[in-house]
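Data block below; observations after.
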Amino acid sequence: MTETFGKVKISCTVNGEPRTFESYPMARLLDVLREELRLTGTKEGCGEGECGACSVLVDGALVNSCLIPALQIEGANVKTIEGMATGAQLHRVQEAFLECGGAQCGICTPGMVIAAVSLLEQNSQPTDADIRAGLAGNLCRCTGYIKIFEAVVRACQHDEVKR
Amino acid sequence: MNTKASELALEAAATDRNSYLMAEARKQREIVGRPVPRKEGRAKVTGAARYIDDLTLPGMIYGATVRSNAARGRIKSIDFGEGLPWDEFIIVTAKDIPGANAVALILLDQPYLAAEFVNHPEEPILLLAHPDKHLLEVARRAVTIEIEPLPAIFTIDESLAKKEIIWGEDNTFKSYLVDKGNVDEVWSRDDVVIVEGEYRTGAQEHVYIETNGVIAIANAEEGLTVWGSMQCPYYIHKALIKLFNLPEEKIRVVQTETGGGFGGKEEYPSMIAGHAALLAWKSGKPVKIIYDRAEDMAATTKRHPARTRHRTAVTRDGKLVAQEIDFVVDGGAYATLSSVVLSRGTIHAAGPYSCPNVRINARAVATNAPPHGAFRGFGAPQSIFALERHMDKAARAVGLSAAEFRRRNFIRENETTATQQTIRERVDMDGLLARAFELSDYKAKTERFARENANGSKIKRGMGFASFMHGAGFTGSGEVFLQSVVGCEATADGRVRVLAASTEIGQGTNTIFAQIAADALKLDYDMIEVSQPDTANVPNSGPTVASRTCMIVGKLVESAALGLRQTLQGASLLGETYTADEWRAACRAYVEERGALKSFSKYQPPPGIVWDEGKYQGDAYGAFAWAVYVAEVSIDLVTYETRVEDFVAVQEVGRVIHPVLAAGQIEGGVAQAIGYTLYEKVAWREGRMANSQMTNYIIPTAMDVPPIRVHFEETPYPYGPAGAKGIGELPMDGAAPAILNAIENATGASFTHIPLMPEDLMSKFGDLA
């Protein structure tokens, strides 16, 4: 079905770098990232928008990349887990996940970090209920979420120290 | 420099060195017990960690599996639909198998590819491979396999009734009898109350977020290499030897970063690895097989459904005098690990209580469902659910509180379990119960909820708990048969590498092994690394299962590490105490003079362990973890939603190696057990999972978990590394009965099965609402 329309040229920005590639218009953004751009940090957990392992930011919005057709990212600004750290300096959310034990098997972690970053960008001092709601689209089977909640709280504290 | 001066200089240096060592000792350099950073944590939070689907080999093609659409039947024909370039596809059937068409595990009854008969839905029949994975999926759907159906059975009751015989002579994979004292002499006594009950638990899907996947390369000269997501590289190694009839040195299995296992990647990866290897063997190309979520859920293993019946005699003053337990698990269509799952479930069925007369009859039976398999807890969550529901019932029958009844029966030091294992370690179930009640504010909340519930509110609240134990390591003589080996290697620059086949699957193997080795050698955590499990490079330290990685394998890590030190000290290169620099210098001297510095350690059972496999009697486990879990629930009698509002998990697991990882194990296990209890229902249609999607098989989300408050009592276990016991499975055992006990406390309704869905509550309370 994807082949029906033939490949099209798509230009966008990924992790701050301009990228141009050819893709079937209805190819999943997830596959474009993983296969075309070799950014394998974004994971597939279910392929139907339930688990959030494939979470990325498109123009600042948290999306499941398994549900986004490639055509939709024409001209967009995409941010993946590979764009979170600045050189060797981890993002404060990544630091907090390390400190608090928020990552166990690690397969949900890229999506979970992206979701937490997105949450904190919208709400720098989330309540427990805000954190739960903000991460409700990302499934983790290892942690029981408790250490992930702690990591989000810790990341807020990092932020306070910085100010 | 005269003699005097040089002596003084030496003395000064020695004093410096001694004061350095003393300062170090004062700083309590112990790494065990500290929340050091997870070894592979940075790679995981940056997305740099490479899981199997992140890897690509030159010339790699993709594999897919064509499966049975019938529960049981005879394969009549295979039709390849028109319009596809079939000559471009690699096609493998049972005829292409070079060795034995059987997944080598315990028995050899499960084929890699069904040849004539199928025994469950989704049974693999044919394999396809092609460079274009989209075309591959089109092709997979274009293969039609016609199966002449045979009568099939789908439940424990049908299997026990022998409605059809589908396996062996009587559908029974395995049975055990545990017999202590004589229960038959108790039933007719006039000083006892007899309490009976039947309890059922459902299947549970693992839902590791990374599905099963492997890459295989194969050729006749070099043999096979398989990379993949797995718990047990040497299981796959053993299975491929049989499948290809190749010598062991021609087969290499490498674990890649693994996105969760929970038992689901214990035995099943032998299947998918064999399939990829068969396609690679025939094509001469690297072959990758990654299951999508629906295939992974429908075709791979799940937790065994179970039925447990209890008949219990209790004296009027609340002493257990007889427990007769009938425990049956549904093994699915092939034997796989069911006998071992049954064993653990059987041994845990009578719980942490002292009872003079116990009889446990246990059977694993066949149905035409995909084989049920290993899942965290491994039979124990099923039998403990039944017991801990039944204990509440028995308490009521003799007019005691659930807590007081248990207190009168808790096992204590020098008393014996159902298998007549004398408890030699310190055990304090009373203390754990008291601590759990204190942390959960059990008494005050129970009283308050009773008052509030009486006010006619549509929200009912309740408290419930369960007390239980979980044995660490393989059952009985299992560890002796495994003969696990761990190695440690020191390089010329003094770095120490742990060599073990035990896998990091999120639980923290890499980290705790490094902590244990660091403390054994008094070195920094950063000087220790843990090798990637690769059968070409690491010895067989046994499977990563059974809460054995820390206690059993960790102990071998400790002794292998100590072996390095002894070697250096034996060669007079290292003193009794030493600095890191002296360690490095000694390693360099050794490696340059004599070559590789390695030390291996093999499992030795702790003294006094005796197990009689025939009678199923004796020391079932080297050590038990002990626990009391308390659940607070609310039940909305309008929506029939049950919420776990608070959860307290108190346990004694020996010394805690890493407080954050250990708490993470408990929290994750409790969340998984809450799912098992309230959300995760496999909808069976003729042996097939109908809801094989995350959309309709529901696991707990961030909105669903309560605060999970974890407390460890630490009683060092003398035969564990730094005093540690096993931990991983324990948290799966207690939540389900605690939650149902709390629901009964809240509503007065006695439910006896899980998962307990809103529909069940509606049918019970519908008339009231």
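Going down the list, the protein sequences come from chains A and B.
According to the numbering used here, the first sequence holds residues 10 to 172 in order.
According to the numbering used here, the second sequence holds residues 707 to 1475 in order.
Cβ coordinates follow ideal geometry from the N, Cα and C atoms, glycine included.
Nearest-angstrom Cα separation, counted from residue j out to residue i
i	j	result
A:Q192	A:Y154	This structure leaves residue 192 of chain A out entirely; chain A is present only between 10 and 172.
B:R1391	A:T49	37 Å
B:K1151	A:C151	30 Å
B:M1400	B:I803	34 Å
B:T1458	B:A1100	14 Å
B:E1450	A:L148	30 Å
B:E902	B:R1095	11 Å
B:Q1371	B:G1393	32 Å
B:T1241	B:M936	13 Å
B:A1056	B:M1097	10 Å
B:A731	B:R1349	Because B:A731 sits at a pLDDT of 47, beneath the cut-off of 50, its placement in the model cannot be relied upon, and the point is left open.
B:G1200	A:I90	35 Å
B:G1478	B:G1260	Outside the displayed range of chain B (707 to 1475) lies residue 1478 of chain B, so it cannot be described from this structure.
A:T11	B:R846	Residue confidence for A:T11 is low, a pLDDT of 46 falling below 50, so the modelled location carries little weight; the figure read from the coordinates is stated next. Cα-Cα distance, rounded: 17 Å.
B:H1078	B:I978	16 Å
B:L1462	B:Y1385	8 Å
B:R1290	B:P743	23 Å
A:T29	B:I995	29 Å
B:G1037	B:N825	12 Å
A:G25	B:A1156	59 Å
B:G908	B:Y1382	8 Å
First and last residue of the uninterrupted beta strand (DSSP E) at residue i
i	result
B:T771	I767 to R773
B:Q961	I957 to Q961
B:I943	Residue 943 of chain B is actually His in this sequence, not Ile. From DSSP, B:H943 is part of no beta strand (DSSP E) but of the alpha helix (DSSP H) over P939 to F950.
B:Q1029	L1026 to G1038
B:G929	G929 to G934
A:P27	E26 to S32
B:I996	V993 to I996
In DSSP terms, what residue i is bridged to
i	result
B:M1169	B:E1338
B:M1233	None; B:M1233 has no bridge partner.
A:K88	A:L66
B:Q1323	B:D1318
A:Q98	A:T95
Proximity below 8 Å, CB of residue i to CB of residue j
i	j	result
B:I853	B:R756	no
A:G61	B:R999	no
B:G887	B:V1064	yes
B:Y1403	B:M1003	yes
B:A1172	B:S1253	no
B:E870	B:I859	yes
B:M1438	B:G1083	yes
A:G143	A:A124	yes
B:R1415	B:L1145	yes
B:A1448	B:M1169	yes
A:V87	A:V122	no
A:G115	B:G1434	no
B:L1043	B:L811	yes
B:T964	B:T1209	yes
Residue i: contacting residues in chain B (beta-carbon distance under 9 Å)
i	result
A:Q103	R748, V751 and T752
A:G50	T752, G753, A754, A755 and D760
Residue i: contacting residues in chain B (beta-carbon distance under 7 Å)
i	result
A:E59	M1400 and T1401
A:P119	G753
Boundaries (first-last residue) of the alpha helix (DSSP H) holding residue i
i	result
B:G1269	G1260 to G1276
B:P1437	P1437 to T1453
B:Q1357	Premise fails: B:Q1357 lies in the beta strand (DSSP E), T1348 to E1358, not in any alpha helix (DSSP H).
B:H836	First-last for B:H836: P830 to H836, but that is the beta strand (DSSP E), not the alpha helix (DSSP H).
B:S1107	B:S1107 -> no alpha helix (DSSP H), and no H or E assigned at all.
Beta-carbon neighbours of residue i, restricted to chain A and to distances below 8 Å
i	result
B:E928	Within chain A, no residue comes near B:E928; the closest Cβ sits about 27 Å away, beyond 8 Å.
B:Y914	C114, I116 and R150
B:M1409	R141, A142 and A145
Closer than 7 Å at the beta carbon, the chain A residues around residue i
i	result
B:A755	G115
B:L1436	Simply none; closest approach about 14 Å.
Listed by chain order, chain B residues near residue i by CB distance under 8 Å
i	result
A:G56	D998 and R999
Residue i beta carbon near the ligand NAD (any heavy atom closer than 7 Å)
i	result
B:A1292	In the structure shown, the ligand NAD is absent, as is every other ligand, since no ligand is present at all.
Minimum Cβ-Cβ distance from residue i to chain C less than 8 Å
i	result
A:K156	The structure shown contains no chain C; the protein chains it does contain are A and B.
Neighbouring residues, chain A, relative to residue i (Cβ below 9 Å)
i	result
B:E963	C114, G115 and I116
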